[in-house]
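Each protein sequence line maps, in turn, to chains A and B. Mapping of the first sequence onto this note's numbering: residues 1 to 91, in sequence order. Mapping of the second sequence onto this note's numbering: residues 92 to 360, in sequence order. Beta carbons are placed, not taken as given, at the ideal position from N, Cα and C, and that holds for glycine. Note that the structure is a prediction, hence the values are computed from the model and not measured. See structure below.
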Amino acid sequence: MEKNEFLLLLDELLELEPGTVKGSESLDSFSGWNSLGIISFIALVDEHFGINLQPRHIAGCSTVEDLVELLGNRIGVKSRTGSVSGSVDVR
Amino acid sequence: MSDSLASGVPCEVASTTMLNPMDLTGQTVLVTGASSGIGRETARLISRLGARTVLVGRDEERLAETMRSLDGDGHKAAPFDLSLTDDIPSWLKTISASSGPLHGLVHSAGIHKLRPLRILSSQTLEDVMRINVGAAIGLAKGFSQKGVCAPGGSIVFLSSVAGLRGQAGTAAYAASKGAIVSLTRVLAVELAAAHIRVNCVAPGVVTTEMGLGLLGMLTTEQGAALEAMHLLGLGTPRDVSYAIAFLLAETARWITGTVLIVDGGYTAH
Chain A
1 MEKNEFLLLL DELLELEPGT VKGSESLDSF SGWNSLGIIS FIALVDEHFG
51 INLQPRHIAG CSTVEDLVEL LGNRIGVKSR TGSVSGSVDV R
Chain B
92 MSDSLASGVP CEVASTTMLN PMDLTGQTVL VTGASSGIGR ETARLISRLG
142 ARTVLVGRDE ERLAETMRSL DGDGHKAAPF DLSLTDDIPS WLKTISASSG
192 PLHGLVHSAG IHKLRPLRIL SSQTLEDVMR INVGAAIGLA KGFSQKGVCA
242 PGGSIVFLSS VAGLRGQAGT AAYAASKGAI VSLTRVLAVE LAAAHIRVNC
292 VAPGVVTTEM GLGLLGMLTT EQGAALEAMH LLGLGTPRDV SYAIAFLLAE
342 TARWITGTVL IVDGGYTAH
């Protein structure tokens with residue numbers, strides 16, 4: 001999946017107009033990024049990537065870019081920290 | 092001298108055999124979802140109560156693992172994909188042809204996907220409903236066929252407290268488990284004439300692979316809050332299997348159309 005597609009999914013998840021999320025935003029700046037939003041993100045990643053994320057994996061993310069990086073090459077972005085397979089469980 | 096002798100009323104001769112009203116000796120029970128969790132534990136328990144089991148699941152290796160943990164003999168593994176709901180009745184005919192008529196059926200196989208409404212897809216909804224409800228209907232249809240079910244058969248479905256109380260993110264699963272409650276009541280009425288009892292068990296969160304997976308998707312605070320709702324703590328597969336065995340056995344001979352809640356107090360709030 002391309003990064004743009006991923007950002008559009010985040011728009012939908014956060015109930016924003018398509019194209020709103022650019023990447024550099026702080027997650028706390030979105031009113032939809034609450035406990036249900038986090039569960040929704042975990043479910044979204046399961047649905048689209050088949051990856052079982054856990055809240056602890058997201059705890060260190062403060063920006064949209066951090067979420068992008070968390071998924072690394074699964075959305076066409078080379079992760080600075082390498083593969084995410086060590087930090088998430090893949091079914 | 093005892094009172095009865097003194098009064099001239101003869102004493103009842105004490106039985107030397109222990110009464111076990113949940114004895115399932117001589118009964119054959121088909122259990123879906125027997126490769127893990129509640130289904131596996133139910134198979135183990137009812138085998139100890141004397142039943143022969145037909146173990147249903149998709150993973151042959153895991154079914155074999157369950158089989159090795161059973162008491163007694165005559166058990167069979169019957170790998171099958173329950174998403175093929177239209178094929179279930181004819182498949183059950185072949186099962187009963189080789190295992191003999193079935194006395195009980197436990198539908199423990201199920202899918203749980205935590206999906207808040209905003210990202211719930213029609214495909215996920217369909218997948219959950221197909222296994223949790225569609226397969227239940229296919230199994231009941233197959234079980235009630237002539238020759239498949241022994242006289243006085245018992246069907247036990249797995250509902251959930253999710254079908255009785257609201258919990259964010261569980262729309263698909265809750266809808267399917269609420270449907271099981273309705274299905275149980277309808278089939279209890281419809282199959283009573285055939286002397287088939289239909290009941291369901293509604294567990295709270297149980298420490299199965301599925302239950303722990305669900306908890307793993309929650310934040311620490313959310314998980315703690317969910318656990319605190321279970322006044323007696325989270326359940327174990329054994330806690331639920333006791334209720335299932337009760338509904339299969341003679342103990343529930345006058346019970347049909349019931350939802351037996353086994354939730355450590357979750358719904359007491």
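Find out if the Cβ-Cβ distance for the pair residue i, residue j is shorter than 8 angstroms.
i, j, result
"arginine 209 of chain B", "aspartate 172 of chain B", "no"
"leucine 339 of chain B", "alanine 293 of chain B", "no"
"alanine 227 of chain B", "leucine 274 of chain B", "yes"
"glycine 141 of chain B", "aspartate 114 of chain B", "yes"
"valine 296 of chain B", "leucine 305 of chain B", "yes"
"threonine 20 of chain A", "aspartate 11 of chain A", "yes"
"alanine 169 of chain B", "alanine 155 of chain B", "no"
"isoleucine 129 of chain B", "threonine 299 of chain B", "yes"
"glycine 324 of chain B", "glycine 355 of chain B", "yes"
"histidine 198 of chain B", "leucine 146 of chain B", "no"
"arginine 143 of chain B", "glycine 124 of chain B", "no"
"asparagine 290 of chain B", "valine 247 of chain B", "yes"
"isoleucine 179 of chain B", "glycine 229 of chain B", "yes"
"glutamate 15 of chain A", "isoleucine 75 of chain A", "no"
If you drop the 5 nearest sequence neighbours on each side, which residues of the same chain put their C-beta closer than 7 angstroms to that of residue i?
i, result
"valine 219 of chain B", "Ile202, Lys204, Ala263, Tyr264, Ser267"
"threonine 313 of chain B", "In the sequence as presented, threonine is not what sits at residue 313 of chain B; that position holds glutamine. For glutamine 313 of chain B, where only same-chain residues beyond five positions count, there are no Cβ hits under 7 angstroms."
"isoleucine 380 of chain B", "No answer is possible for residue 380 of chain B: it lies beyond the span of chain B, which begins at 92 and ends at 360."
"proline 242 of chain B", "His286"
"alanine 270 of chain B", "Val224"
"glutamate 5 of chain A", "none"
"glutamate 152 of chain B", "none"
"serine 187 of chain B", "Leu193, Gly238, Val239"
"cysteine 61 of chain A", "Leu27, Leu67, Leu70"
"alanine 319 of chain B", "none"
"alanine 134 of chain B", "Val122, Ala125, Thr144, Leu146, Thr157, Leu161"
"phenylalanine 30 of chain A", "Leu14"
So, for residue i: in the same chain, excluding its five sequence neighbours on each side, which residues have a beta-carbon less than 6 angstroms away from its beta-carbon?
i, result
"leucine 8 of chain A", "Pro18"
"glycine 23 of chain A", "Val64, Glu65"
"arginine 276 of chain B", "Gly348"
"glutamate 25 of chain A", "Val64"
"proline 207 of chain B", "Gly260"
"arginine 75 of chain B", "Residue 75 of chain B lies beyond the range of chain B shown here (92 to 360); nothing can be said about it."
"threonine 116 of chain B", "Gly141"
"proline 112 of chain B", "Glu341, Thr342"
"phenylalanine 92 of chain A", "Missing from the structure shown is residue 92 of chain A; chain A here goes from 1 to 91 and no further."
Terminal residues of the continuous beta strand (DSSP E) containing residue i?
i, result
"alanine 241 of chain B", "240–249"
"isoleucine 352 of chain B", "350–353"
"leucine 121 of chain B", "119–123"
"threonine 185 of chain B", "Looking at the DSSP string, threonine 185 of chain B is not in any beta strand (DSSP E); the run it does join, the alpha helix (DSSP H), is 179–190."
"histidine 198 of chain B", "193–198"
"threonine 144 of chain B", "143–147"
Since I believe residue j is in contact with residue i (beta carbons under 8 angstroms), could you give me their beta-carbon distance rounded to a whole number of angstroms?
i, j, result
"alanine 334 of chain B", "valine 353 of chain B", "5 angstroms"
"serine 212 of chain B", "threonine 119 of chain B", "Actually they are not in contact, since the Cβ atoms of serine 212 of chain B and threonine 119 of chain B sit about 39 angstroms apart, beyond 8 angstroms."
"threonine 358 of chain B", "valine 252 of chain B", "6 angstroms"
"serine 138 of chain B", "leucine 161 of chain B", "4 angstroms"
"alanine 231 of chain B", "leucine 278 of chain B", "5 angstroms"
"leucine 317 of chain B", "leucine 196 of chain B", "About 30 angstroms; that fails the 8 angstroms criterion."
"glutamate 47 of chain A", "threonine 215 of chain B", "7 angstroms"
Can we count residue i as close to the ligand PLP, meaning its CB is less than 7 angstroms from some heavy atom?
i, result
"leucine 14 of chain A", "Summarising the ligand content, the structure contains no ligands, and the ligand PLP is consequently not present."
Leaving out five residues on either side along the sequence, give the residues of the same chain with a beta carbon under 8 angstroms from the beta carbon of residue i.
i, result
"arginine 329 of chain B", "Glu132, Leu136"
"lysine 184 of chain B", "Gly233, Gln236, Gly238, Val239"
"leucine 13 of chain A", "Gly32, Gly37, Ser40, Phe41, Leu44"
"proline 55 of chain A", "Ile38, Ile42"
"leucine 322 of chain B", "Gly355, Gly356, Tyr357, Ala359"
"isoleucine 58 of chain A", "Ile38, Phe41, Ile42, Leu67, Leu70"
Hey, quick one: how far does the alpha helix (DSSP H) through residue i stretch, first residue to last?
i, result
"alanine 262 of chain B", "262–282"
"valine 331 of chain B", "328–339"
"serine 138 of chain B", "128–139"
"asparagine 4 of chain A", "3–13"
"leucine 173 of chain B", "Segment: none, leucine 173 of chain B is in no alpha helix (DSSP H) and carries neither H nor E."
"aspartate 218 of chain B", "213–220"
"glutamate 17 of chain A", "First-last for glutamate 17 of chain A: undefined, no H or E at that position."
"arginine 256 of chain B", "No alpha helix (DSSP H) holds arginine 256 of chain B; DSSP gives it neither H nor E."
"threonine 157 of chain B", "151–159"
"glycine 233 of chain B", "226–234"
What residues are listed by DSSP as bridge partners for residue i?
i, result
"arginine 288 of chain B", "B/Ser245"
"glycine 307 of chain B", "Per DSSP, none; premise fails for glycine 307 of chain B."
"serine 26 of chain A", "A/Thr63"
"valine 297 of chain B", "B/Gly326"
"lysine 167 of chain B", "B/Val145"
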